[in-house]
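Q:
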Ligand SMILES: C[S@@+](CC[C@H](N)C(=O)[O-])C[C@H]1O[C@@H](n2cnc3c(N)ncnc32)[C@H](O)[C@@H]1O
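Residue numbers (full-length UniProt numbering), protein chains in the order written: chain A, 1 to 127; chain B, 1 to 507.
Take a look at the structure:
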């Protein structure tokens, strides 16, 4: 799971209020190397919740992100490159995501997060 | 017929007269003789992706679904090269020297094709939907050579200039030649030998299309495959129709073995996929969805096991994707399921089994699958983004029965026949209106244009398809194809032969 995706994901159980952000407990992290693209980073930035990204990165052992977005962001290529790295290169390969409201845990194995719910956790079920 | 619904104030409404001014360089687009109903969509999508309006490139009235050649103008060579490269169904774009109604006419209008005594050259002969004998070919070539007397050397391998003489003949709606000049044994068919061609083109080879990707990443070369894996050509067509390009953010909510995202990745997309079925994601020892991406050194997609009917609970973000491209579950190959159960057959799960327990699921009606897909697209796409999906359908399926959404405009419906009666359609929709959270339910209710009736029609597709397949099988037996239409080796062989046949006409 990339931290970019983590930034979009929330717990989908019925009883969660916001279910966001999910707390990461990684057991394996793999850093890949993907091509940096200025346009993509600037584009996805618009939808990134910054404090959540900072927290997620630190849960993965990366503590170098500034607490707020630097004001001259667009002109600072080295910052954008570092950001690209954190958003798409850092992958949680295995570990656990925990719902902040309910404590429900979702496993990550072989890089795949499992958000499949038990019957009683769904919304659209007649029980 | 590939249709651009009339609701769309399509670019073709713009002036078409300006297309071919006599001074501008004319280019000749040569499509492959396959997926006939997808060719216009494929070309137009590549133009739009380069910020070109199709009506500024060619007159819509010049496009004929059954003709693989189309005269265009491009602002410059570089643009033409870029467009060619990004298409799936274009073989080549040429620069036009002359076009005639007959060979003689084309020769008479032709201009010198080399410009210096050092310029090496060759001429190749190409015929569509007909054949010329070697001596006929050489005679025609010499008409051009004798007229212009190029002073440079002839060079068969990599000359500076390669000219093509192309004779185009008409094909029938089935794609087969209308007036073959020779029969199978090679004897001339008298009534056809002297039929005039549709057009004769004399042009220089210029830019190759993106066909190399089709072959390079064919399914045959992939380690992880399943019965639902989509062939690379069609998934590339879908990705191009979705305007996927480097750094597009792409979602496939029914990712299965990942074949669509694979093609999106080949085009440079950054991909996210979800699927409810953990077995299809993990595979049986071949390494699962990630395998092929690793093998081909493509960036890994994000894969999440989740239920598309709960998509909006799982993803908080809206309007982030450039493209949503998918082959939804219609219960034909891979049945649709969703979370929960309708019956009270739940048993407590012992703790030691919690880990591998597969939660129960219930049947996910096709009408809901579609309504949910359009809702996910309306919410997830950026304004201007595209939703591209497949729907199996009968030849005469009413396009008015397709699901609609307030935020999405129908752009293309392209039909791929898979037999006499049945086939599938690729539907392309463009997100045109911003998402309003409060309207989610209201919009979803209106998804089926004719209410329950349309939903029911789609619901019945499965039975109809089975019915049609049965009919075709019966028909096949009558004609001696022997048994199952799409499954038998015999039929596959026949299909392959057909392909080869078609290729013969185009190469
Ligand atoms: C036609 S297949 C798509 C195949 C895919 N294009 C591939 O490359 O293999 C449909 C997929 O939808 C999945 N599916 C069915 N119901 C689903 C649901 N409620 N949510 C998400 N995925 C679902 C099935 O497991 C199946 O893999």
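The C-beta atom is built at its ideal place from N, Cα and C for all residues, glycine as well.
Predicted, not measured: the structure shown is a model, and the values here were computed from it.
Touching or not, the region 114 to 125 of chain B and the region 61 to 69 of chain B, by the rule of three or more beta carbon pairs under 8 Å?
A: Contact fails: fewer than three Cβ-Cβ distances are below 8 Å.
Q: Quick one: what does DSSP say residue 99 of chain B is sitting in, helix, strand or coil?
A: Residue 99 of chain B: strand per DSSP, three-state reduction.
Q: Return the chain-ordered list of same chain residues with a C-beta closer than 6 Å to the C-beta of residue 162 of chain B, the five sequence neighbours on each side being excluded.
A: Only 122 and 205 meet the Cβ criterion.
Q: Only counting the same chain, and skipping five residues up and downstream in sequence, which positions put a Cβ closer than 8 Å to that of residue 472 of chain B?
A: Here the set comprises 419, 420, 421, 422 and 485.
Q: Less than 8 Å between the beta carbons of residue 430 of chain B and residue 386 of chain B, yes or no?
A: Contact: yes.
Q: Which runs of the alpha helix (DSSP H), 4 residues or longer, sit entirely within the region 288 to 336 of chain B?
A: Those alpha helix (DSSP H) runs which fall completely within the region 288 to 336 of chain B and span 4+ residues are 290 to 295 and 311 to 314.
Q: Do you know offhand how far residue 160 of chain B's Cα is from residue 59 of chain B's?
A: The straight-line gap from Cα to Cα measures roughly 31 Å.
Q: With 16 other CB atoms within 10 Å as the buried threshold, where does residue 307 of chain B fall?
A: That one is buried.
Q: Can you name the residues of chain D whose CB is closer than 8 Å to the CB of residue 67 of chain B?
A: Protein chains in the displayed structure are A and B, and chain D is not among them.
Q: Near residue 144 of chain B, which residues of its chain fall below 8 Å by C-beta distance, leaving aside the five closest residues on each side in sequence?
A: Result list for residue 144 of chain B: 107, 110, 113, 123, 163, 165 and 202, in chain order.
Q: May I ask whether a heavy atom of ligand 1 can be found less than 7 Å away from the beta carbon of residue 338 of chain B?
A: Yes, ligand 1 has a heavy atom inside 7 Å of this Cβ.
Q: Give me the subset of the region 235 to 264 of chain B whose CB atoms are less than 9 Å from a CB atom of chain A, sorted by chain position.
A: If the cut-off is 9 Å between Cβ atoms, the region 235 to 264 of chain B has 246, 247, 248 and 249 near chain A.
Q: Near residue 192 of chain B, which residues of its chain fall below 7 Å by C-beta distance, leaving aside the five closest residues on each side in sequence?
A: Closer than 7 Å at Cβ, skipping near neighbours: 179, 180 and 181.
Q: Do residue 390 of chain B and residue 327 of chain B have their beta-carbon atoms positioned less than 8 Å apart in this structure?
A: Yes, Cβ-Cβ distance for residue 327 of chain B and residue 390 of chain B is below 8 Å.
Q: Ligand 1 and residue 400 of chain B: does the residue's C-beta get closer than 7 Å to at least one heavy atom of that ligand?
A: Incorrect: residue 400 of chain B has no Cβ contact closer than 7 Å to ligand 1.
Q: Between the beta-carbon of residue 12 of chain A and the beta-carbon of residue 425 of chain B, is there less than 8 Å?
A: For residue 12 of chain A and residue 425 of chain B, no; Cβs fall outside 8 Å.
Q: So, using beta-carbon positions, are residue 228 of chain B and residue 256 of chain B closer together than 8 Å?
A: Yes.
Q: Along the chain, where does the alpha helix (DSSP H) that runs through residue 457 of chain B open and close?
A: Taken as a continuous stretch (DSSP letters only), the alpha helix (DSSP H) holding residue 457 of chain B covers 452 to 459.
Q: Return helix, strand or coil for residue 6 of chain A, following the three-state DSSP convention.
A: Looking at residue 6 of chain A - three-state DSSP - the assignment turns out to be helix.
Q: Select from B/30, B/137 and B/127 the residue whose C-alpha is nearest the C-alpha of residue 96 of chain B.
A: When each option's Cα is compared against that of residue 96 of chain B, the closest is B/30.
Q: Should residue 51 of chain A be counted as a contact of ligand 1 given a C-beta to heavy atom distance under 7 Å?
A: No, Cβ of residue 51 of chain A sits at least 7 Å from all heavy atoms of ligand 1.
Q: Beta carbons nearer than 7 Å to chain B: which residues of the region 2 to 13 of chain A have them?
A: Within the region 2 to 13 of chain A, the qualifying residues are 2, 5, 8, 9, 10 and 12.
Q: Within this structure, are the beta carbons of residue 388 of chain B and residue 238 of chain B separated by less than 8 Å?
A: Yes; because the gap between Cβ atoms is below 8 Å, this pair is in contact.
Q: Can you name, in chain order, every residue of its own chain whose Cβ lies under 7 Å from the Cβ of residue 46 of chain B, other than the five neighbours on each side?
A: Excluding sequence neighbours, residue 46 of chain B sits near 83, 86, 87 and 240.
Q: Go through its chain and collect everything with a Cβ distance to residue 455 of chain B's Cβ below 7 Å, but skip five positions before and after it.
A: Contacts found: 367 and 448.
Q: Looking only at C-alpha atoms, which of B/465, B/379 and B/37 sits nearest to residue 432 of chain B?
A: Among B/465, B/379 and B/37, the Cα nearest to that of residue 432 of chain B belongs to B/379.
Q: Against residue 307 of chain B, what residues of chain A qualify as contacts under a CB-to-CB distance less than 9 Å, listed in chain order?
A: Near residue 307 of chain B (Cβ distances below 9 Å), the residues of chain A are 12, 115, 116, 117 and 122.
Q: Under the rule that 16 or more other beta-carbon atoms within 10 Å means buried, what is residue 248 of chain B, buried or exposed?
A: Residue 248 of chain B is buried by the Cβ-count criterion.
Q: Looking at residue 230 of chain B and ligand 1, is the gap between the Cβ and the nearest heavy atom below 7 Å?
A: Yes.
Q: What would DSSP say about residue 198 of chain B, mapped onto helix, strand or coil?
A: Residue state, collapsed to three classes: coil.
Q: Since residue 279 of chain B meets chain A, which of its residues come closer than 9 Å, beta carbon to beta carbon?
A: Simply none; closest approach about 12 Å.
Q: With a threshold of 7 Å (Cβ to nearest heavy atom), would residue 12 of chain A be considered close to ligand 1?
A: No, Cβ of residue 12 of chain A sits at least 7 Å from all heavy atoms of ligand 1.
Q: As a quick exercise: from B/151, B/35 and B/259, pick the residue whose alpha carbon is nearest that of residue 117 of chain B.
A: When only C-alpha atoms are compared, the closest one is B/151.
Q: If we count Cβ pairs, one from each stretch, closer than 8 Å, do we get three or more for the region 9 to 24 of chain A versus the region 68 to 76 of chain A?
A: Verdict: no, contact absent.
Q: Taking 7 Å as the line, does the beta carbon of residue 328 of chain B fall inside it for any heavy atom of ligand 1?
A: Yes, since a heavy atom of ligand 1 falls inside the 7 Å radius drawn around the Cβ of residue 328 of chain B.
Q: I want to check one thing, is the minimum distance from the CB of residue 190 of chain B to the heavy atoms of ligand 1 below 7 Å?
A: No - ligand 1 has no heavy atom lying nearer than 7 Å to the Cβ of residue 190 of chain B.
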